[in-house]
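Only one structure is covered here, and it is reproduced in the block below.
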Amino acid sequence: MSHAAFNPLVSKLSPPPVPSVFAWGRAYDEAKGPLIDLSQAVPGYPPHRDMLAWLAQTSGSRTYAGYGPIEGEDSLREAYAAEMRKLYKAPVGFENIHITSGCNQAFMAAAMAIAGSGDAIALTDPYYFNQETTLAMLGIRRELISLEPKTGFIPTLSEITRVLQTGVRAVALVSPNNPTGAIYPPALLSDIFAACRDAGAFLILDETYRDFLPGGAQPHELLSTPDWAENLILLYSFSKSFCIPGHRLGAVTAGPQAVAEIAKVMDNLQICAPRAPQAAVAMAIPRLFDWREENRREILNRADALKAVMARLPRWKMDSLGAYFAFIRHPFAKTSSAVVAERLAKNAGVLCIPGGYFGVGQDAYLRFAFANADSTTIAGLADRLGQFEID
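Residues 0 to 390 in numbering that gives the first Met the number 0 are what the sequence shown lists, from first letter to last.
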């Protein structure tokens, strides 16, 4: 009897990494104290009580029980466009917004709208693993933009130019970055966008963590570029800012033509993003600004707490720190990051993601999602990391 075959583009991929990391945490016996979870990027505080009330209200409404517009609820598209206009001081309208079921889906829909099997999209190295596996399963080649610790894992214009010369359909960046946390300077992003436009390529910029920038700064001026809509696609997640990752809600900001192409993909992926959370977030955007600002400041406090910890640990090196993440060079050069992370979870009760999951050359690193833990919990890392040794 012949066995049915699976799609080799999918079957050759490794299993999703986060569940395996959680399994290491479940094996920890709490001998060193409660588990310190710095793995998956999940806000370490609850949603605002009003957010929960609006979710309850919209989820219990017949209005949102049926199908909705593919591009998203009018109320959320309008509210998010208004927020973009306020943040970027640039003309962004309803027609520039497409709502998706999370930012991973936003990336997949954008990639499918831009590239087909055999085409190429450029990612940084290290990369966000879900973006790399998305391209792999679609048969889209990925060209890598090398990032170096000596530049703080910020791409150079020369590397961008080099990869554009290979004929990629798009350059995909994440800033603030996942996994390194690196924040890309606005002037550099403008130069990168200009290079993409000259090459006839898209710039896809994932801004999932932009609400946690120091000083609440404007991340860039790309939306003030004339005819930006011809080559720019911005991605966003409502999960982190509103603490609702389980409700799966993301957004695309792009030109009307790109929105229309993405809608074709979305109609086949999901038809429409969950409607009740869309309606709830539309109410939350203008009303919870102060609460979100408090959370931004709290995340900065947690970053400072991690800096203080790492200053006490000379064997461990923090090569990059940003809005949500730190990229930490571990002291066990002859041991893979997966082994280090597994032992760290099981023996010291510190859960993090191995650097090797973000690229072949990243085995010297661990990713700490420090936003998951409060400052007191983060302070407890000093003893656990300081005493930790590989068996």
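For glycine and all other residues, C-beta sits at the position ideal for the given N, C-alpha and C.
Helix, strand or coil at Phe288 according to DSSP, with G and I counted as helix: helix
Collapsed DSSP secondary structure at Ala325 in the structure displayed: strand
Beta-carbon proximity check, Ile144 vs Ala119, cutoff 8 Å: no
Please determine if the region 107 to 116 and the region 260 to 268 are in contact, where contact requires at least 3 C-beta pairs separated by less than 8 Å. yes
Taking 8 Å as the cut-off, decide whether the C-beta atoms of Phe93 and Glu77 are in contact. In this structure, Glu77 lies closer than 8 Å to Phe93 by Cβ.
Any idea what DSSP makes of Glu220, helix, strand or coil? coil
Grab the span of the beta strand (DSSP E) containing Tyr87 for me, first residue to last. Premise fails: Tyr87 lies in the alpha helix (DSSP H), Asp73 to Tyr87, not in any beta strand (DSSP E).
Give me the residue from Ile298, Pro244 and Asn230 with the minimum Cα distance to Asn95. Asn95 has its Cα closest to that of Asn230, out of Ile298, Pro244 and Asn230.
is_contact[Leu234, chain D] using C-beta, thresh 8 Å: Although the question refers to chain D, the structure presented lacks it and comprises just one protein chain.
Does the pairing of the region 64 to 80 with the region 380 to 389 give three or more beta-carbon distances under 8 Å? no
Contacting residues, own chain, Cβ-Cβ under 6 Å from Pro225 (five flanking each side not counted): none
Note down the Cα distance separating Leu400 from Leu234, rounded to an integer number of angstroms. Here the chain covers residues 0 to 390 and nothing more, so residue 400 does not appear.
Quick check: what's the CA-CA separation for Leu8 versus Gly355? Taking the straight line from one Cα to the other gives about 20 Å.
Measure how close the beta-carbons of Gly321 and Ile182 come, nearest whole angstrom, since I'm counting them as under 8 Å. 5 Å
Thr252 - DSSP class collapsed to helix/strand/coil: Note: Thr252 maps to strand in three-state DSSP.
Which ranges does the alpha helix (DSSP H) cover as unbroken runs of at least 4 residues, wholly within the region 98 to 178, from first to last along the chain? 102 to 113, 128 to 137 and 156 to 163
So, with DSSP's three-state summary, where would you put Ser1? coil
Please report the Cβ distance between Ala372 and Arg301, rounded to the nearest whole angstrom; I am assuming they are in contact, meaning their Cβ atoms lie under 8 Å. 7 Å
Nearest-angstrom Cα distance between Thr179 and Ser319? Straight-line Cα distance between these residues: approximately 6 Å.
Measuring only the C-alpha atoms, how far is Ala26 from Pro42? 23 Å
Considering Cα atoms alone, identify which of Arg61, Asp210 and Ile159 is closest to Phe241. Asp210
Leu204, enclosing beta strand (DSSP E) - first and last residue: Phe201 to Asp205
By the three-class DSSP mapping on this structure, what secondary structure does Ser189 have? helix
Can you tell me whether Phe288 is buried or exposed, with buried defined as 16 or more other CB within 10 angstroms of its CB? exposed
Checking 8 Å against the spacing of the C-beta atoms, do Leu221 and Leu188 come in under that value? Cβ distance < 8 Å, so Leu221 and Leu188 count as in contact.
Is the separation between the beta-carbon of Arg168 and that of Ala200 shorter than 8 Å? yes
My assumption, with CB atoms under 8 Å, is that Ala250 sits in contact with Tyr79. Please give the rounded CB distance. 6 Å
Inter-residue Cα distance where the pair is Leu12 and Glu142: 18 Å
Burial state of Arg48, where buried means 16 or more other Cβ atoms lie within 10 Å: exposed
Taking all protein chains shown into account, do 16 or more other C-beta atoms lie within 10 angstroms of the C-beta of Tyr323, making it buried, or fewer, making it exposed? buried
Thinking C-beta only, is Thr123 closer than 8 Å to Leu172? Cβ atoms of Leu172 and Thr123: closer than 8 Å.
Proximity below 8 Å, CB of Phe367 to CB of Leu299: no
Below 8 Å on the Cβ atoms is my guess for Phe369 versus Ala325; work out the distance and round it to an integer in Å. So it is a contact: roughly 6 Å between Cβ atoms.
Contact check, Leu248 vs Gln277, beta carbons under 8 Å: yes
Can you tell me which of the three DSSP states Phe387 falls into? DSSP places Phe387 in the coil class of the three-state scheme, outside both helix and strand.
Roughly how many angstroms lie between the CA atoms of Arg365 and Ile327, to the nearest whole one? What sits at residue 365 in the sequence shown is Leu, not Arg. Distance between the alpha carbons of Leu365 and Ile327: 5 Å.
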